[in-house]
Amino acid sequence: MSQASARHILVDSEQQCLELKQQIEAGSDFAEVARQHSNCPSGRQGGELGTFGRGQMVKEFDEVVFSGALNEVHGPVKTQFGYHLLEVTSRT
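Printed below as a string of structure tokens:
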């Protein structure tokens with residue numbers, strides 16, 4: 001079974017998501033941005049979601065995590081929860 005580890009930042013608007021992505025791409029630390037801005041409880045751990053299998057996350061999230069490039073910031077990804085920035089840290 002495919003497994004992946006990822007971290008994410010969850011916010012309410014696409015605009016905020018794009019602004020945070022620009023900050024990270026300009027050199028801000030993903031984990032620190034997650035701690036400051038993420039609406040998800042995982043934000044306290046720098047957005048870390050741990051390891052999970054295909055199908056354990058919502059479809060839109062799953063598609064990026066199991067097909068996107070490793071160690072790159074992906075998003076905005078819209079789900080029923082809001083807008084996400086995703087970083088896939090490992091995949092097997």
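Residue 1 is where the sequence shown starts when you use full-length UniProt numbering, and the numbers rise one by one after that. Here a beta-carbon is modelled for each residue, glycine too, at the ideal position from N, C-alpha and C.
Going by beta carbon distance, what residues of the same chain come within less than 8 Å of LEU86, once the five residues before and after it are set aside?
Start at 1 with the first residue of the sequence shown, and residue 86 comes out as number 86. Excluding sequence positions up to five before and after LEU86, its CB lies within less than 8 Å of the CB of ALA6, ARG7, HIS8, PHE61, VAL64, VAL65, GLY68, VAL73, HIS74, GLY75 and VAL77, all in the same chain and listed in chain order.
What number of angstroms, rounded off, separates the C-alpha of VAL58 from the C-alpha of PHE81?
Numbered from 1 along the sequence shown, position 58 holds the residue referred to as residue 58. Numbered from 1 along the sequence shown, position 81 holds the residue referred to as residue 81. Roughly 10 Å between the two C-alpha positions.
In chain order, which beta strand (DSSP E) runs of at least 3 residues are fully inside the UniProt domain "PpiC" (1-90)?
Along the length of the UniProt domain "PpiC" (1-90), whole beta strand (DSSP E) runs at least 3 residues long occupy 3-11, 48-53 and 73-79, reported in chain order.
Out of SER90, MET1 and LEU10, which has the shortest C-alpha to C-alpha gap to CYS40?
The sequence position of residue 40 within the sequence shown is 40, counting from 1. The option with the nearest alpha carbon to CYS40 is LEU10.
So ARG35 and GLY46 are in contact, right, with Cβ under 8 Å, and what is the actual spacing, rounded?
Position 35 of the sequence shown, counted from the start, is the residue given in the question as residue 35. Position 46 of the sequence shown, counted from the start, is the residue given in the question as residue 46. Right, their Cβ atoms sit about 6 Å apart.
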